[in-house]
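A.B. asks:
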Amino acid sequence: MQIETPSKPGIWRESATLFVLGWGLVRSGGTRLLGLILVSQLVILGIALPVIGWLFREALRASGMTGLDLGALAPGQGLPLTIGLIVVIIALAFWLVSLQFTALVVLLQWPGIGWRGFAAELGRVARKLLRPSSLPLLCYLFLLLPLTGFGFTSTFTRGIAIPSFVSGELLKSASSTVALGAFLLVLAVLNVRLALTVPVFVLTDGGRASRCSWRLTRGVRSWLPLVLAVAAVTLLAGLAALALTVAAVVPTALTDELAPGASPFVAAYSLGAAQVVGFLLSGLATAFVASILIMSVRRRADRLAPGVTLVERARPAPSPEGDPARRSRRPALLVGALALVTALGLGTVAVDTMQRLSDAPETLVLAHRGFSDGGVENTLGGLDAAHAAGADLVEMDVMQTADGEFVAMHDATLGRLAGRPDAVKDLTLAELTAITVHDQHGHEDLIPSFADYVTRAQQLGMPLLIEIKLGGADTPDHVERLVAELEALDALESNIYHSLDAPSVARLKQLRPDLTVGYTMAFAAVAAPDTPADFIVPEEWSATEQLQRSAAESGLGFMVWTLNDEAGMREQLRRSADGIITDHPDRVLALRAEMQQETGLADVLVDAVTRFVKVV
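Taking our numbering, the leading residue of the sequence shown gets -17, the next gets one more, and so forth.
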């Protein structure tokens, strides 16, 4: 293999060169590349993920749980087995992701490689993965890469992200916003500098892939062309995704007007076709990025670390199949047939999905701590603003004070809202209600007592979802005291309740089984927990359709917190979640009204394609 070692071209020229050479590698992959993309996606979705899901369920059963509930996870006889199975899951996922990327890189690097050579390269890299030196690759693939998204992408890692409730809380103050921005900037820089880790790991005979990537991207002239070329690919992939959405929706839009009875079937099979095309587009985008990274390594091979060299393979002898006029059509026909069968299968499954998604949502809209556009969270001003916006309920927080009373407050300390280092547990109710709080929107208000907040809600006719928070000063009978205060206000039965604290949930249901009580979960998976609650409130990241079905089968309601992006709002409305807790109740209310007035399936299909088809 000839190694290109050019002089130092300009940044724009180098970016264009990487883009053109990368596209050349993608074209060389041809039908074999499309087949690899489609087969790998089907293997992941049809075999790998179900096996990993089964292992995870067995890991939870070893600790006596049917679903992941961090609040119920405690040391016990089954915990070592649970931890062991989770380690096996991580190792299996790492191996599969690494081999998926390896197969892609090998096929792009040596487009004419035979099946024996292909298997030999996979085996060579698989052996490297067993070495301790591959551990940095694990951190790169499952932490750094998914959080920033620059480089390779996989179905395995697509859901890894900073939870929305974490980033959302950090964005509510200037200092934490700056800190989050700095953290993300550091992640981005690290990801760009380590972007060549996978191709170096696959294409070289040594270790130290991360160190080599760092060397190869040293200097603006090295990393900026890479960023620009990948950005161009991302832009093209985004445009392709938009075109795919339009193409998928047009037939359904026509049947909505001309033959409404056919729309469910047209929409379903359009969705199936869009999913298959989406698989291919996503894979091609990843392959294009991989090709750019491969060419970057090849063009800078002279700068690899000492002792690390590119693997050489003899180029295959020319064959009749290399002549376009004599190339066999069998691979293309096989890939086309597989794509068609897959699209038909997905479309058949989607018929029921489209019918369910077309139901008009009756989802409750809950204003998270009031409405921050009109007042500070957990204040009377925020409560009034939520009422004016038309929210169905207001979610608010109650915390015990130093003197055993109750105040409307979420944070255990006053730093974010009042700029004070004091903790709620160290101040009395009188001291707290004399403190002014403010937010990033310029609103100001006094901290209200819990009684004042509930009384104001009664005056407005606004039901509350009251969250029992633990602030450190909680008395052993804090639930009993809360019930007594609400009874004194004649407000106990007119509101509903939830808490992250499982014992508080259990105690409230024990005291008053007739009350509607929810169990809030910062992280959940697989199945609904074993809880005395009436509904569960998973965080958005965990609020999967699988968990929603499990909750329904267990007789539990299903609310989601804290949902602030439109795509998430639309998904949960389409899935008819029982409630959406959001900082933007006005937007969710508008979307709910829009969906309730729909007459066709075109808009439903747009949301379905957006949800199920991921290209970038």
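Just so it is clear, CB atoms sit at the ideal spot from N, CA and C, and this is done for glycine as well.
1. Out of Gly424, Ile429, Lys407 and Asp404, state which residue places its alpha-carbon closest to the alpha-carbon of alanine 416.
2. Could you work out which residue in Gly364, Ser431 and Ser80 is closest to arginine 109 when comparing CA atoms only?
3. Kindly examine the ligand GDP and report whether one of its heavy atoms sits closer than 7 Å to the Cβ of aspartate 366.
4. Nearest to glutamate 527 by CA position, among Ala549, Arg557, Ala506 and Pro511, is which residue?
5. Could you please give me the residues that DSSP links to serine 481 through a beta bridge?
6. In its own chain, which residues sit with a C-beta less than 8 Å from the C-beta of leucine 262, not counting the 5 before and 5 after it?
7. Closest to tryptophan 77 by C-alpha separation, out of Asn360, Leu217 and Leu104, would be which residue?
8. For valine 465, which residues from the same chain have a beta carbon less than 8 Å from its beta carbon, with the 5 sequence-adjacent residues on both sides left out?
9. Please return the same chain residues whose Cβ sits closer than 6 Å to the Cβ of alanine 455, not counting the five positions on each side in sequence.
10. Let's test the definition: count the other Cβ atoms within 10 Å of the Cβ of valine 597 and tell me whether it reaches 16, buried, or not, exposed.
11. Which value, in whole angstroms, describes the spacing of the CA atoms of threonine 179 and valine 107?
12. For valine 258, which option in Leu217, Leu210, Asp421 and Gly327 has the closest C-alpha, if you only look at C-alpha atoms?
13. Taking the alpha helix (DSSP H) that aspartate 238 belongs to, which residues open and close that run?
14. Taking buried to mean at least 16 other C-beta atoms within 10 Å of its own C-beta, is cysteine 194 buried or exposed?
15. Return the chain-ordered ranges of every alpha helix (DSSP H) run that is complete within the region 80 to 139 and spans a minimum of 4 residues.
16. Starting from histidine 369, trace the beta strand (DSSP E) in both directions and tell me its first and last residue.
17. Taking all protein chains shown into account, do 16 or more other C-beta atoms lie within 10 angstroms of the C-beta of glutamate 462, making it buried, or fewer, making it exposed?
18. Would you say the region 79 to 97 touches the region 37 to 44, given that touching needs at least three Cβ pairs under 8 Å?
19. Given a threshold of 16 other Cβ atoms within 10 Å of its Cβ, counted over all protein chains shown, does serine 204 qualify as buried or as exposed?
20. Taking the CB atoms as reference points, tell me whether alanine 373 and glycine 357 lie closer together than 8 Å.
21. Whole angstroms is fine: what's the gap from alanine 30's alpha carbon to leucine 414's?
22. Taking contact to mean at least 3 C-beta pairs separated by less than 8 Å, is the region 149 to 156 in contact with the region 241 to 255?
23. Put phenylalanine 353 into one of helix, strand or coil per three-state DSSP.
24. Mark aspartate 51 as exposed unless 16 or more other C-beta atoms lie within 10 angstroms of its C-beta, in which case mark it buried.
25. Where valine 542 and glutamate 522 are concerned, what is the direct C-alpha to C-alpha distance, given to the nearest angstrom?
26. Buried or exposed: which applies to serine 354, given that a residue is buried once 16 or more other Cβ atoms fall within 10 Å of its Cβ?
27. For chain D, is any of its Cβ atoms less than 8 Å away from the one on serine 532?
28. Does the beta-carbon distance from isoleucine 563 to histidine 425 come in below 8 Å?
29. If proline 313 sits next to arginine 14, beta carbons under 8 Å apart, how far is it from one beta carbon to the other, in whole angstroms?
30. Helix, strand or coil: how does DSSP classify glutamine 382 here?
31. Can you tell me whether alanine -2 is helix, strand or coil according to DSSP?
32. Answer with buried or exposed for isoleucine 72, where buried requires no fewer than 16 other C-beta atoms within 10 angstroms of its C-beta.
33. Of all the alpha helix (DSSP H) runs that stay within the bounds of the region 419 to 479, which reach a length of 4 or more residues?
34. Is phenylalanine 270 near tryptophan 92, with beta carbons less than 8 Å apart?
35. Evaluate serine -3 with the Cβ neighbour count: other Cβ atoms within 10 Å of its Cβ, from every protein chain shown; 16 or more gives buried, anything less gives exposed.
36. Is it buried or exposed for arginine 338, if we count other Cβ within 10 angstroms and need 16 for buried?
C.D. replies: The relevant details are as follows:
1. Counting from 1 along the sequence shown, the entry for residue 416 is found at position 434. Comparing Cα positions, the closest option is Ile429.
2. Your numbering for residue 109 matches position 127 in the sequence shown. Looking only at Gly364, Ser431 and Ser80, the smallest Cα-Cα distance to arginine 109 is reached by Ser80.
3. The ligand content of the structure shown is nil, which means the ligand GDP is not present either.
4. Start at 1 with the first residue of the sequence shown, and residue 527 comes out as number 545. With distances taken between CA atoms, glutamate 527 lies nearest to Arg557 out of Ala549, Arg557, Ala506 and Pro511.
5. Along the sequence shown, read from residue 1 onward, the residue named residue 481 stands at position 499. BP columns for serine 481 point to Tyr501.
6. Locating residue 262 in the sequence shown gives position 280, counting from the first residue. Within the same chain, Leu16, Ile19, Leu20 and Ala321 come within 8 Å of leucine 262 by CB-CB distance, once the 5 residues on both sides are set aside.
7. Along the sequence shown, read from residue 1 onward, the residue named residue 77 stands at position 95. Considering only alpha carbons, the answer is Leu104.
8. Residue mapping note: residue 465 aligns to position 483 of the sequence shown, counting from 1. By the criterion of a C-beta distance shorter than 8 Å, valine 465 is surrounded in its chain by Leu474, Leu490, Leu493 and Arg494, once the five residues flanking it on both sides are discounted.
9. As a first step, residue 455 is located in the sequence shown; it is residue number 473 there, counting from the start. Cβ neighbours of alanine 455 beyond the five flanking positions: Gln382, Ala384 and Lys407.
10. Looking up residue 597 in the sequence shown gives position 615. Valine 597 should be labelled buried.
11. Looking up residue 179 in the sequence shown gives position 197. Looking up residue 107 in the sequence shown gives position 125. Counting only the Cα atoms, valine 107 lies some 13 Å from threonine 179.
12. Taking the sequence shown and counting its residues from 1, the one referred to as residue 258 is at position 276. With distances taken between Cα atoms, valine 258 lies closest to Gly327.
13. The sequence position of residue 238 within the sequence shown is 256, counting from 1. Counting along the chain, aspartate 238 sits inside the alpha helix (DSSP H) bounded by residues 202 to 240.
14. As a working mapping, residue 194 is identified with position 212 in the sequence shown. Its Cβ being crowded by 16 or more others within 10 Å, cysteine 194 is buried.
15. With a minimum length of 4 residues, the continuous alpha helix (DSSP H) runs that stay inside the region 80 to 139 are 97 to 111, 117 to 121 and 127 to 130.
16. For the purposes of this step, residue 369 is taken as residue 387 along the sequence shown, with counting starting at 1. Histidine 369 -> not in any beta strand (DSSP E); alpha helix (DSSP H) instead, spanning 362 to 371.
17. Mapped onto the sequence shown, residue 462 falls at position 480. Around the beta carbon of glutamate 462, fewer than 16 other beta carbons sit within 10 angstroms, so the residue counts as exposed.
18. Short answer: they don't touch.
19. The residue labelled residue 204 in the question sits at position 222 within the sequence shown. Buried, by the Cβ-count rule.
20. By one-based count along the sequence shown, residue 373 stands at place 391. By one-based count along the sequence shown, residue 357 stands at place 375. By the CB criterion at 8 Å, alanine 373 and glycine 357 fall outside the cutoff.
21. For the purposes of this step, residue 30 is taken as residue 48 along the sequence shown, with counting starting at 1. For the purposes of this step, residue 414 is taken as residue 432 along the sequence shown, with counting starting at 1. Computed Cα separation, rounded: 54 Å.
22. Because the criterion of three Cβ pairs below 8 Å is not met, the region 149 to 156 and the region 241 to 255 do not touch.
23. Position 371 of the sequence shown, counted from the start, is the residue given in the question as residue 353. Phenylalanine 353 falls in the coil class under three-state DSSP.
24. Here residue 51 corresponds to residue number 69 of the sequence shown, with the count starting at 1. So aspartate 51 counts as buried.
25. Residue numbering aside, residue 542 sits at position 560 when the sequence shown is read from its first letter. Residue numbering aside, residue 522 sits at position 540 when the sequence shown is read from its first letter. C-alpha separation (whole angstroms): 6 Å.
26. Here residue 354 refers to the residue found at position 372 of the sequence shown. By the neighbour-count rule (16 or more Cβ atoms within 10 Å), serine 354 is buried.
27. Included in the structure is just one protein chain, with no chain D present.
28. The residue you call residue 563 lines up with position 581 of the sequence shown. The residue you call residue 425 lines up with position 443 of the sequence shown. No; because the gap between Cβ atoms is not below 8 Å, this pair is not in contact.
29. Residue 313 sits at position 331 when you count from the first residue of the sequence shown. Residue 14 sits at position 32 when you count from the first residue of the sequence shown. With a Cβ gap of about 7 Å, proline 313 and arginine 14 count as contacting.
30. For the purposes of this step, residue 382 is identified with residue 400 of the sequence shown, where counting begins at 1. The answer is strand: DSSP assigns glutamine 382 an E or B state.
31. Taking the first residue of the sequence shown as position 1, residue -2 is located at position 16. Three-state result, alanine -2: helix.
32. Translated into the one-based positions of the sequence shown, residue 72 becomes position 90. That one is exposed.
33. Correct list: 432 to 442 and 460 to 470.
34. In the sequence shown, residue 270 corresponds to position 288, counting from 1. In the sequence shown, residue 92 corresponds to position 110, counting from 1. Between phenylalanine 270 and tryptophan 92, the CB-CB gap reaches or exceeds 8 Å.
35. If you number the sequence shown from 1, residue -3 lands on position 15. Serine -3 is buried by the Cβ-count criterion.
36. One-based indexing of the sequence shown puts residue 338 at position 356. Per the 10 Å Cβ criterion, exposed.
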